[in-house]
Amino acid sequence: MAISTAQQANLSDASDTPTLPNNIVVVEGNVDYKGRPANRSQSGRWKSAAFIIGVEMAERFAHHGISANLISYLTGPLGQSTATAAENVNAWSGTALLLPLLGAFVAESFLGQYWTVIISSLLYIMGLGFLTLSTVLPSFNSSGCQHAENAVTCSPSEFPIIFCFFSLYLIAVAQGGHKPCVQAFGADQFDGQDPEECKAKSSFFNWWYFGMCSAILVALVILTYIQDNLSWSLGFAIPCLVMGFGLILFLLGTVTYRFSVNSEEKSPFMRIGRVFVNAARNWRATSSTLSMQLESQGSVPYQGPQEFKFLNKALLVPDGSEENGNICSISEVEDAKAILRLFPIWATCLTYGIVFSQSSTLFIKQGVTMDRSISPSFEVPAASLRSFITLSIIVFIPIYDRILVPTARAITTKPSGITMLQRIGAGLFISNLSMVIAALVEMKRLETAQEYGLVDKPEVTIPMSVIWMIPQYLILGASESLTVVGLQEFFYDQVPNQLKSTGLALYLSILGIASFLSSFLISVIEKATSRHGHESWFSDNLNKAHLDYFYWLLAGLSAIALAAYVYFAKSYAYNRGSNI
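Here the working numbering = 1-based position in the sequence shown + 768.
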């Protein structure tokens, strides 16, 4: 939450001392909802985190209630082709995961995390309401467009389609403000300088993801069934109501929250941006010039990290002028370097994001063609297969947090057991296995279609149980519990203190850029493989398509990316004081 200048002035004396009368221990740099120094025993920690995890669970329930079955919605009621629908889903997902960069900037420069979450939640509810309304417009209703399997040619009028996508992108804007701020705000409820709260903060990221995935599991099981078998309108209205409940829950926790006081007068973006500007202005300066000018100013020679040495030139007076107020401090230079150090890790995880995006697009279309019947009268919705990802995470995270971490902690003496980068790397390796298995299963599916003479009959269910797909979902879930949670903690921990929301936005941008890359790959391969009248890898008739080739391609790219990741991770230097 942003604290006003007046409040900071009133608190300046109080925040200078760690205790108040009557031996009340306060948390330095934090205040409560009334602007008073935060009482350690009465604010923050798990009591506050529970409310924040609750609103995140509501948001994830709402988001996955829409996204999990979106490709079926686009290929069914909206009548889009498989390739077009996959591209649209990836474009929407990518936008929703890139907008947190803007949301983090707004929060950390203007509104603060608390108010950004509230405003974003209101926009979220509005977007979900509009999406529900778009399904009941008179020009949209069509009895032949209720099920993706039975309707591939329906074409609703243009206005409902435009209104639908407007609603989806309003939800994306809302997620852009909500996603980075609510998790950073939750982690800020734990004091990293306190040994006990430091351990709790590391566990927070695990249990945050556990709660989030529990909500996703419920959404995948219940909402996809409602959408496929009852009504799209009801399936979209329920997430709207749940999001409203989540906002109320978040507001109820206000009296328990800790709010960080920003002691810096300038925006953190302005301070770090000035480092790059000053370094560029002094690009001609040599290292000897830097040393001499620092000595003339009475400063000791720069002893900080020696990578990205060109940024050290920001320590010089710009253009040799006497405008000492424009000189960057050593801490500002180190903050800028900390941001740049993240880039190799960010870039080498993009392929993981491409793999991650397949679970909400091609995996679902693959499952639609297979035998999903549990009984003669009930079929498992293809989108609900993603519940095995969340089920895997729900089972794995408690084992990791309560068994593997304490065991590793006893061996390595590190608070988190293993380093964040080791955790991410393990998940990257496992995700590669999921692509290999997905390719093998798809090869088996194509062989079965050919064996039973169903290659030219895409409307007929292939006599191959969808259970064959469960291993690829379970393995992808295990990799997600390692890589995604590791990335969250890593980017939160390694950015400067005033940029925690931005750090989480950078992690989300991996998945966002990867969604666009996945869409780009599908588009390029679609055009390249459909030349001269050939069936493309992503043909609407999946019995003639070659998703297996695409999965093998992703497995190869993942292996290359993993090798690059290991190279950069070995040389990465953690920030001082990092909870590795």
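Ideal placement from N, C-alpha and C gives every residue a C-beta, glycine not left out.
Fair warning: this is a prediction, and the values are worked out from it, not measured in the lab.
- At the C-beta level, residue 1119 and residue 867 stay beyond 8 Å of one another.
- Beta bridge pairing from DSSP links residue 1147 with 1141.
- When C-alpha distances from residue 961 are compared across 1255, 797, 1246, the shortest belongs to 797.
- Judged by DSSP secondary structure, residue 1231 falls within the beta strand (DSSP E) whose first and last residues are 1230–1233.
- For residue 1141, the number of other beta carbons within 10 angstroms of its own is below 16, and it is reported as exposed.
- In this chain, the alpha helix (DSSP H) harbouring residue 986 covers 963–986.
- Distance from residue 1045 to residue 826 at the Cβ level is roughly 41 Å; contact not present, criterion being Cβ atoms closer than 8 Å.
- With three or more CB-CB distances shorter than 8 Å, the segment 1309–1328 counts as touching the segment 1218–1229.
- Residue burial annotation: residue 1025 is buried, with at least 16 other C-beta atoms found within 10 angstroms of its C-beta.
- Following the DSSP letters along the chain, one finds residue 1334 inside the alpha helix (DSSP H) bounded by residues 1315–1339.
- Per DSSP, the continuous beta strand (DSSP E) segment holding residue 805 begins and ends at 805–807.
- For residue 798, there is no enclosing alpha helix (DSSP H); the residue is found in the beta strand (DSSP E) stretching over 792–799.
- Listed in chain order, the beta strand (DSSP E) runs fully inside the segment 1018–1052 amount to none, counting runs of at least 3 residues.
- The alpha-carbon separation between residue 830 and residue 895 amounts to approximately 11 Å.
- Between the alpha carbons of residue 1002 and residue 994 lies a distance of about 7 Å.
- Counting the other CB atoms within 10 Å of its CB gives residue 1105 a total of 16 or more, which places it among the buried residues.
- A Cβ-Cβ separation of about 5 Å places residue 1161 in contact with residue 1249 under the 8 Å criterion.
- With contact defined as three or more Cβ pairs closer than 8 Å, the segment 1277–1289 and the segment 881–898 are not in contact.
- Contact annotation: residue 949 and residue 899 have beta-carbon atoms that are not nearer than 8 Å.
- Around the Cβ of residue 820, a 10 Å sphere holds 16 or more other Cβ atoms; the residue is buried.
- Setting aside the 5 residues that flank it on each side, residue 832 is surrounded in the same chain by 984, 987, 988, each with a C-beta closer than 7 Å to its C-beta; the list follows chain order.
- In this structure, residue 812 lies away from residue 1017, with their beta-carbon atoms at least 8 Å apart.
- Below 8 Å, too few C-beta pairs join the segment 1258–1268 and the segment 1155–1169 to call them touching: fewer than three.
- Counted as a single uninterrupted DSSP element, the alpha helix (DSSP H) harbouring residue 1254 occupies residues 1238–1262.
- Contact annotation: residue 1192 and residue 1254 have beta-carbon atoms nearer than 8 Å.
- In this structure, residue 1199 lies away from residue 1272, with their beta-carbon atoms at least 8 Å apart.
- Pairing residue 857 with residue 870 gives a Cβ-Cβ distance that is not under 8 Å.
- In this structure, the straight-line span from the alpha carbon of residue 1098 to that of residue 1137 is close to 60 Å.
- In the displayed model, residue 817 falls within a helix according to three-state DSSP.
- Here residue 947 carries a helix assignment [DSSP, helix/strand/coil].
- Here the segment 972–982 lies against the segment 949–959, with 3 or more beta-carbon pairs under 8 Å apart.
- Within the same chain, 793, 794, 795 come within 7 Å of residue 808 by CB-CB distance, once the 5 residues on both sides are set aside.
- The Cβ atoms of residue 1129 and residue 839 sit closer than 8 Å to each other.
- In the three-state scheme derived from DSSP, where H, G and I count as helix and E and B as strand, residue 1095 is classed as coil.
- Contact holds between the segment 1208–1215 and the segment 1229–1239, because three or more Cβ pairs, one in each stretch, are under 8 Å apart.
- For the 8 Å CB-CB criterion, residue 1154 and residue 859 do not form a contact.
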